[in-house]
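In case it helps, my numbering puts the sequence shown at residues 270 to 716.
From the three backbone atoms N, C-alpha and C, an ideal C-beta is built for every residue, glycine too.
In what follows, a structure is listed as structure tokens, so that the remarks can point back to it.
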Amino acid sequence: MSTIIENDVTVKTDAFLALETKIKARTARFGVIGLGYVGLPLGLTLSEAGFTVTGIDIDTYRVDSIVAGRSYITDITDAELQKSISGKRFRATTDLTEIRNLDAVSICVPTPLRKTKDPDMSYVISAADAIAKVLRPGQLIILESTTYPGTTEELILPTLEANGLRVGQDFFLAYSPERVDPGNGKYATRDIPKVVGGTTPRCAELAAMLYGAAMKEIVPVSSTRVAEMVKLLENTFRSVNIALVNEIALMCSHMKIDVWEVIKGAASKPFGFMPFYPGPGLGGHCIPIDPLYLEWKSKIDGFESRFIGLADKVNSGMPRFVVTRAMELLNERGKAMRGSRVHVLGVTYKKDISDSRESPALEVIKLLSALGAEVTYSDPYVPSLRIEGRNIDAVQPCREVLAACDLAMIITNHTAFDYSEIIRNAPLVFDTRNATDGARARNLVRL
Ligand SMILES: NC(=O)c1ccc[n+]([C@@H]2O[C@H](COP(=O)([O-])OP(=O)(O)OC[C@H]3O[C@@H](n4cnc5c(N)ncnc54)[C@H](O)[C@@H]3O)[C@@H](O)[C@H]2O)c1
């Protein structure tokens, strides 16, 4: 066994050399903990690159679906999933002790917020505990979940080193943020440059080697903290810019200026401007949540950020704004919200996906119901919704349904909706996404 000098880039231990050989030969057994929107595509991408992949999840529904060859993620077809399964390149299990048999493991578990808006690290901690129980020399662990800077070194590393194995010598630890964009037909997991930071340079090297075998481009950075911060900068950038344009939309509504036309005009500038679009609020697992991880951590470190909290305030006020605007529109037509029939079009947090987590539509429906509206909804991707302990089933946005409502609100601009039919049949349409771009009608109002 070679002697190691900490962080010495020239030293390769036996554990390093063994794993390097396996990665190069594609005989390294890869595993993913957490088979969600991130973990399942990542696992399949590695399997398509020639690795044998084991997906591990505690959710038996998800594991059973994979075993049955049924994809629960819009971007992955059953055929793609079945191809990897039948080629014996991909399998799923609920048994966390299988981590022992793997050479490299990526952690893709949720990182939500607690009710207090502090990070909920319980999923990451429990995944790290499961790994620590079976960790052996020669394994590479990569954290993918979005999280605050310092998580890999402060939370994962001590857990993994607790049984005496040393990082960079016996096992290897890296952070690589997942940047997948569900519903984006242009960029799949393999097409998005992969940022990789290691706890030591050797850790970074192995993680870059593994992902480099499956992804088009690797972007190495000097540490796990930088890699963690890269992801949070990206998502904070989006959150702040969306908040800015949401505030501009409120301003334009007040000043009776068409915000969509303003954005289109500004976006004609070939440099120095990037268009962001207003809407009924933020949703999903990333943009409304991740910047608050950063705000929390920087506060602990004694730095008070201002933009993040302000952006959160503006963005979280949008569902209430669109409901108040809807109430005004009904009022202008001599109707009260109480007793009105409101049909919500689209309940996912963005178009053409099936994910309704944190969707602003849920808040909009709650607010409409609290004001006494009778709410129905359509969404080709979400057959039923559970809101405040009540199940609501989707209906088709057919002529009868649209004609029977007092107001149709476009909350998610799914491509599958027929917007001219919606305008033709609903007595009043409030479009919060500019899905009806270019259309003009007396019964159509845009945000
Ligand atoms: N969804 C996105 O678009 C996206 C994009 C980039 C990054 N991320 C980040 O990636 C991470 C995962 O997000 P996601 O959308 O895939 O989440 P998800 O909820 O779709 O999937 C996570 C999976 O992890 C499983 N899980 C939880 N604890 C586990 C444990 N201890 N052992 C095994 N399995 C466990 C859950 O059952 C679930 O199936 C989050 O940190 C998220 O912020 C998400």
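Contact the region 544–554 vs the region 384–400: 3+ CB pairs below 8 Å: Between the region 544–554 and the region 384–400 there are fewer than three inter-stretch CB-CB distances shorter than 8 Å, so the stretches are not counted as touching.
Does the beta-carbon distance from glycine 608 to glutamate 643 come in below 9 Å? As a first step, residue 608 is located in the sequence shown; it is residue number 339 there, counting from the start. As a first step, residue 643 is located in the sequence shown; it is residue number 374 there, counting from the start. Closer than 9 Å, so yes.
Using 8 Å as the cut-off, classify the Cβ of histidine 683 as near or not near the heavy atoms of ligand 1, replying yes or no. Along the sequence shown, read from residue 1 onward, the residue named residue 683 stands at position 414. It does not: the Cβ of histidine 683 is nowhere closer than 8 Å to a heavy atom of ligand 1.
Which residue from Lys291, Val403 and Glu413 puts its Cα closest to that of proline 310? Indexing the sequence shown from 1 puts residue 310 at position 41. Minimum Cα distance to proline 310 is reached at Glu413.
Looking at the structure shown, is glycine 707 part of a helix, part of a strand, or coil, going by DSSP? Locating residue 707 in the sequence shown gives position 438, counting from the first residue. The three-state reading of DSSP puts glycine 707 in coil, since its state is none of H, G, I, E or B.
Which residues does DSSP pair with glycine 223 in a beta bridge? Look at the range of the chain in this structure, 270 to 716, and you will see that residue 223 is not part of it.
Checking 9 Å against the spacing of the C-beta atoms, do isoleucine 335 and alanine 373 come in under that value? To locate residue 335, count along the sequence shown from 1; it is residue 66. To locate residue 373, count along the sequence shown from 1; it is residue 104. Result no, Cβ atoms of isoleucine 335 and alanine 373 do not sit closer than 9 Å.
Hey, how far is the Cα of aspartate 700 from the Cα of leucine 561? Sequence index remark: in the sequence shown, residue 700 carries index 431 (1-based). Sequence index remark: in the sequence shown, residue 561 carries index 292 (1-based). When rounded, the distance between both Cα atoms is 29 Å.
Valine 403 (DSSP reduced to helix, strand or coil): On the sequence shown, position 134 is the one that residue 403 refers to. Helix at valine 403.
Along the chain, where does the beta strand (DSSP E) containing glutamate 643 start, and where does it finish? Against the sequence shown, residue 643 aligns to sequence position 374. Its beta strand (DSSP E) spans residues 643–647.
Spatial neighbours of leucine 713 within its chain, please: CB distance less than 7 Å, with the 5 preceding and 5 following residues excluded, ordered by chain position. Stepping through the sequence shown from its first residue, residue 713 is reached at position 444. For leucine 713, where only same-chain residues beyond five positions count, the Cβ hits under 7 Å are Ile692, Val698, Asp700 and Thr705.
Where does methionine 596 land, buried or exposed, given buried means 16+ other C-beta within 10 angstroms? Position 327 of the sequence shown, counting from 1, holds the residue named residue 596. That one is buried.
According to DSSP, residues forming a beta bridge with valine 528: Position 259 of the sequence shown, counted from the start, is the residue given in the question as residue 528. None; valine 528 has no bridge partner.
Give the secondary structure of histidine 612 by DSSP, where H, G and I count as helix, E and B as strand, and everything else as coil. Taking the first residue of the sequence shown as 1, we reach residue 612 at position 343. DSSP, reduced to helix, strand and coil, places histidine 612 within a strand of the structure shown.
For arginine 610, which residues of its own chain have a beta-carbon under 6 Å away from its beta-carbon, when the five flanking residues on both sides are left out? Sequence index remark: in the sequence shown, residue 610 carries index 341 (1-based). Same-chain partners within the cutoff: Glu643, Cys674 and Asp675.
I need the straight-line Cα distance from valine 301 to glutamate 289, nearest angstrom please. Here residue 301 refers to the residue found at position 32 of the sequence shown. Here residue 289 refers to the residue found at position 20 of the sequence shown. Answer to the nearest angstrom: the Cα atoms are 19 Å apart.
Say whether the region 505–513 touches the region 578–586, bearing in mind that this needs 3 or more beta-carbon pairs closer than 8 Å, one atom from each stretch. Contact between the region 505–513 and the region 578–586 is present, because at least three Cβ pairs lie under 8 Å.
Using 8 Å as the cut-off, classify the Cβ of valine 307 as near or not near the heavy atoms of ligand 1, replying yes or no. Here residue 307 refers to the residue found at position 38 of the sequence shown. Because some heavy atom of ligand 1 lies under 8 Å away, the Cβ of valine 307 counts as near it: yes.
Of the listed residues Leu614, Arg715, Gly552 and Thr681, nearest to leucine 598 (C-alpha basis): In the sequence shown, residue 598 corresponds to position 329, counting from 1. The residue among Leu614, Arg715, Gly552 and Thr681 with its C-alpha nearest the C-alpha of leucine 598 is Arg715.
How do the region 633–649 and the region 457–477 stand: do at least 3 beta-carbon pairs fall below 8 Å, yes or no? The region 633–649 and the region 457–477 do not touch, with fewer than 3 CB-CB distances between them shorter than 8 Å.
Can you confirm whether the region 439–450 touches the region 283–297 when touching is taken to mean that 3 or more C-beta pairs between the two stretches lie within less than 8 Å? Under the 8 Å Cβ criterion, the region 283–297 counts as touching the region 439–450, having at least three qualifying pairs.
Going by beta-carbon coordinates alone, are proline 462 and glutamate 447 separated by less than 9 Å? In the sequence shown, the residue the question calls residue 462 occupies position 193. In the sequence shown, the residue the question calls residue 447 occupies position 178. No, Cβ-Cβ distance for proline 462 and glutamate 447 is not below 9 Å.
For the alpha helix (DSSP H) holding leucine 309, just list the boundary residues, first then last. The sequence position of residue 309 within the sequence shown is 40, counting from 1. Element bounds for leucine 309: 308–317.
Please go through the same chain and pick out, in chain order, the residues whose beta-carbon is closer than 8 Å to the beta-carbon of glutamate 573, but skip the five residues on each side of it. Sequence index remark: in the sequence shown, residue 573 carries index 304 (1-based). Taken in chain order, the residues that qualify are Ser567.
I'd like the span of the beta strand (DSSP E) that includes lysine 463, first residue to last. As a first step, residue 463 is located in the sequence shown; it is residue number 194 there, counting from the start. Lysine 463 -> beta strand (DSSP E) spans 463–467.
Check this for me: beta carbons of threonine 493 and glycine 467, under 9 Å apart or not? For this step, residue 493 is matched to residue 224 along the sequence shown. For this step, residue 467 is matched to residue 198 along the sequence shown. Yes, the Cβ-Cβ distance between threonine 493 and glycine 467 is below 9 Å.
Which two residues bound the contiguous beta strand (DSSP E) that contains asparagine 370? The residue you call residue 370 lines up with position 101 of the sequence shown. Neither: asparagine 370 is in no beta strand (DSSP E) and is coded neither H nor E.
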